[in-house]
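Participant: Below is the structure I would like to discuss, written out as structure tokens.
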Amino acid sequence: MLSKNFWKNKRVFITGHTGFKGAWLCLWIKSMGAHVIGYSLDIPTNPSLFKLTKPDVKTVWGDVRDLKKLKKVISKEKPDVVFHLAAQSLVRASYAEPIKTFETNVLGTANVLESLRCSSVKAAVIITTDKVYDNNEKGIAFKESDPLGGFDPYSASKGAAEIIIASYRNSFFHRDDYKKKHSTLIASVRAGNVIGGGDFAQDRLIPDFVRAILAGEELKIRNPYAVRPWQHVLEPLSGYLLLAEKLYNGKKELADGFNFGPKATDVKPVEWIVKRMSVGWKAGVTYSILKGRHAHEAHYLHLDISKARKRLGWTPRWELETALDKILEWTKAYHEKQDVLSVCQQQIKEYTKGLS
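Numbers given in my numbering equal positions in the sequence shown, counted from 1, plus 107.
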């Protein structure tokens, strides 16, 4: 359970705060009274949730690949907690720009960790992905102890980032040295396919669906039978917040890797999502399957979340059906030019009811 007053007046540093997940995190943390400093290279999409909601945060424009500037900003701002979300986060884009993907996701993560070595930070949560595992397509749920891998450049970059996180944790932020040689606890988090209102990224199913229905066009999908662990964006964010709070409070045994995903019943194929969203929109959407050979993407992804349940007391709150309805609610408000900030705030309030 989240502590009701923990985040009040905390200084929180978020890399990638202008992205989809980052904007939702800013809104949530600000609602709990935190002072937020965001660090981003740019605003990655147009339109964007960050532009639409205008979170009341301090923004520093910078590149996580720029170690000198990153260290200077963290040293100046003196955050209590760091969330590292900045990334090149798309599988298909990683085929087009592999070097940029590796530089951002691998070197960028190393730079964040290096910046923590001489800082006031007490807790850091580094976000990677469910795609860090060596996926042998056996149809089993991945545990945190399973081997890391990565077929495509994006997955490989995030797998490499996990190795770097573990290396820094062992070399410079070891649990046994906590309160002796350092005062920082670091965890990595691996979320499932995160969905929610305000995602305008390219080559992702829900944004592609939204663009199709708003334009009255046919939706084209690549892998209708690909199975993913879909979850509303507030689900993993609640896990990140809970974990950060416990790390800040000195729970050094939690300086580790954690999966955050949906219940097993909410692990569904792409086509199921399309049909359910189409029914929910009522006007419906027509779709077709793109033929030909596509860049490799995993067929089956499923995360074992028993570790987060047992050690953090975290569990998913919204069923997939509810998550999809919340996306449709947000999309309708956006389509009708309503105040989407109030929709986000209301959904956060609904999600957190009884959580703290």
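Cβ atoms here follow ideal geometry from the backbone N, Cα and C, with glycine treated the same way.
From the DSSP secondary-structure annotation, give me the bridge partner or partners of Gln338.
Facilitator: Numbered from its first residue, the sequence shown carries residue 338 at position 231. Looking at the DSSP assignment, Gln338 forms a beta bridge with Val301.
Participant: Out of curiosity, what's the CA-to-CA distance linking Gln453 and Lys115?
Facilitator: In the sequence shown, the residue the question calls residue 453 occupies position 346. In the sequence shown, the residue the question calls residue 115 occupies position 8. Taking the straight line from one Cα to the other gives about 20 Å.
Participant: By DSSP, does Trp425 sit in helix, in strand, or in coil?
Facilitator: Counted from its first residue, the sequence shown places residue 425 at position 318. Trp425: coil per DSSP, three-state reduction.
Participant: Can you name, in chain order, every residue of its own chain whose Cβ lies under 8 Å from the Cβ of Pro254, other than the five neighbours on each side?
Facilitator: Working through the sequence shown from its first residue, we reach residue 254 at position 147. Same-chain partners within the cutoff: Tyr240 and Asp241.
Participant: So Gly303 packs on His339, CB below 8 Å; how close in whole Å?
Facilitator: Position 196 of the sequence shown, counting from 1, holds the residue named residue 303. Position 232 of the sequence shown, counting from 1, holds the residue named residue 339. Contact flag correct, Cβ pair sits at about 5 Å.
Participant: So, for Ile181: in the same chain, excluding its five sequence neighbours on each side, which residues have a beta-carbon less than 6 Å away from its beta-carbon?
Facilitator: The count along the sequence shown starts at 1 and reaches residue 181 at position 74. Cβ neighbours of Ile181 beyond the five flanking positions: Ser222 and Ser226.
Participant: Between which two residues does the alpha helix (DSSP H) containing Asn112 stretch?
Facilitator: Numbered from its first residue, the sequence shown carries residue 112 at position 5. Asn112 -> no alpha helix (DSSP H), and no H or E assigned at all.
Participant: Just how far apart, CA to CA, sit Asp173 and Lys165?
Facilitator: Along the sequence shown, read from residue 1 onward, the residue named residue 173 stands at position 66. Along the sequence shown, read from residue 1 onward, the residue named residue 165 stands at position 58. Rounded to the nearest angstrom, the two C-alpha atoms are 19 Å apart.
Participant: Taking all protein chains shown into account, do 16 or more other C-beta atoms lie within 10 angstroms of the C-beta of Val386, making it buried, or fewer, making it exposed?
Facilitator: The count along the sequence shown starts at 1 and reaches residue 386 at position 279. Under this definition Val386 is an exposed residue.
Participant: Taking the continuous alpha helix (DSSP H) assigned at Val317, which residues delimit it?
Facilitator: Counted from its first residue, the sequence shown places residue 317 at position 210. Run containing Val317: Leu312 to Ala322, per the alpha helix (DSSP H) assignment.
Participant: What separation, rounded to the nearest whole angstrom, lies between the Cα atoms of Ala362 and Asp284?
Facilitator: For the purposes of this step, residue 362 is taken as residue 255 along the sequence shown, with counting starting at 1. For the purposes of this step, residue 284 is taken as residue 177 along the sequence shown, with counting starting at 1. Roughly 12 Å between the two C-alpha positions.
Participant: With DSSP run on the structure shown, which of helix, strand or coil describes Tyr332?
Facilitator: Here residue 332 refers to the residue found at position 225 of the sequence shown. If DSSP states are grouped into helix, strand and coil, Tyr332 belongs with coil.
Participant: Would you decide whether Ala294 is buried or exposed? Buried here means 16 or more other CB atoms lie within 10 Å of its CB.
Facilitator: Working through the sequence shown from its first residue, we reach residue 294 at position 187. Buried, since its Cβ has 16 or more Cβ neighbours within 10 Å.
Participant: Skipping 5 residues on each side, what residues in its chain have a beta carbon closer than 8 Å to that of Asp149?
Facilitator: Taking the first residue of the sequence shown as 1, we reach residue 149 at position 42. Once the five neighbours on either side are set aside, the close Cβ partners of Asp149 are Thr125 and Trp168.
Participant: Span of the beta strand (DSSP E) holding Gly364?
Facilitator: By one-based count along the sequence shown, residue 364 stands at place 257. Gly364 to Phe367 is the span of the beta strand (DSSP E), which, as asked, contains Gly364.
Participant: Please confirm whether Asp411 and Phe249 have their CB atoms less than 8 Å apart.
Facilitator: The residue given as residue 411 occupies position 304 in the sequence shown. The residue given as residue 249 occupies position 142 in the sequence shown. Cβ distance < 8 Å, so Asp411 and Phe249 count as in contact.
Participant: Could you spell out where the beta strand (DSSP E) holding Lys375 opens and where it closes?
Facilitator: Position 268 of the sequence shown, counted from the start, is the residue given in the question as residue 375. Where Lys375 is concerned, the enclosing beta strand (DSSP E) stretches over Val374 to Pro376.
Participant: Roughly how many angstroms separate the alpha carbons of Thr429 and His289, rounded to a whole number?
Facilitator: Taking the sequence shown and counting its residues from 1, the one referred to as residue 429 is at position 322. Taking the sequence shown and counting its residues from 1, the one referred to as residue 289 is at position 182. Between Thr429 and His289, the C-alpha separation is close to 43 Å.
Participant: Under 6 Å Cβ to Cβ from Tyr441, same chain only, skipping five residues before and after it: list those, please.
Facilitator: The sequence position of residue 441 within the sequence shown is 334, counting from 1. Same-chain partners within the cutoff: Val447.
Participant: Could you tell me which whole alpha helix (DSSP H) segments of length 4 or greater appear in the stretch 216-287?
Facilitator: Segments of the alpha helix (DSSP H) lying fully in the stretch 216-287: 260-278.
Participant: Hey, quick one: how far does the alpha helix (DSSP H) through Gly129 stretch, first residue to last?
Facilitator: Position 22 of the sequence shown holds residue 129. Looking at the DSSP string, the run of the alpha helix (DSSP H) that includes Gly129 is Phe127 to Ser138.
Participant: Under three-state DSSP, which class holds Leu361?
Facilitator: Counting from 1 along the sequence shown, the entry for residue 361 is found at position 254. In the structure shown, Leu361 sits in a helix (DSSP, three-state: H, G or I).
Participant: Are Glu251 and Gly420 closer than 8 Å when you measure CB to CB?
Facilitator: Position 144 of the sequence shown holds residue 251. Position 313 of the sequence shown holds residue 420. No, Cβ-Cβ distance for Glu251 and Gly420 is not below 8 Å.
Participant: For His406, does the three-state DSSP call read helix, strand or coil?
Facilitator: What you label residue 406 is simply residue 299 of the sequence shown in a count that begins at 1. In the structure shown, His406 sits in coil (DSSP, three-state: anything other than H, G, I, E or B).
Participant: Taking C-alpha atoms, which residue in Trp388, Trp425 and His409 lies nearest to Glu436?
Facilitator: Counting from one through the sequence shown, the residue named residue 436 turns up at place 329. Nearest option by C-alpha distance: Trp388.
Participant: For the stretch 374-386 against the stretch 328-345, are there 3 or more C-beta pairs whose distance is under 8 Å?
Facilitator: They touch, by the three-pair rule.
Participant: Quick check on this structure: which residue in Leu177, Glu204 and Thr236 has the alpha carbon closest to the alpha carbon of Asn218?
Facilitator: Locating residue 218 in the sequence shown gives position 111, counting from the first residue. Taking only the C-alpha atoms, the option nearest Asn218 is Leu177.
Participant: If the criterion is Cβ atoms closer than 8 Å, does the pair His191 and Thr122 meet it?
Facilitator: Within the sequence shown, numbered from 1, the residue matching residue 191 stands at position 84. Within the sequence shown, numbered from 1, the residue matching residue 122 stands at position 15. Yes, they are a contact pair.
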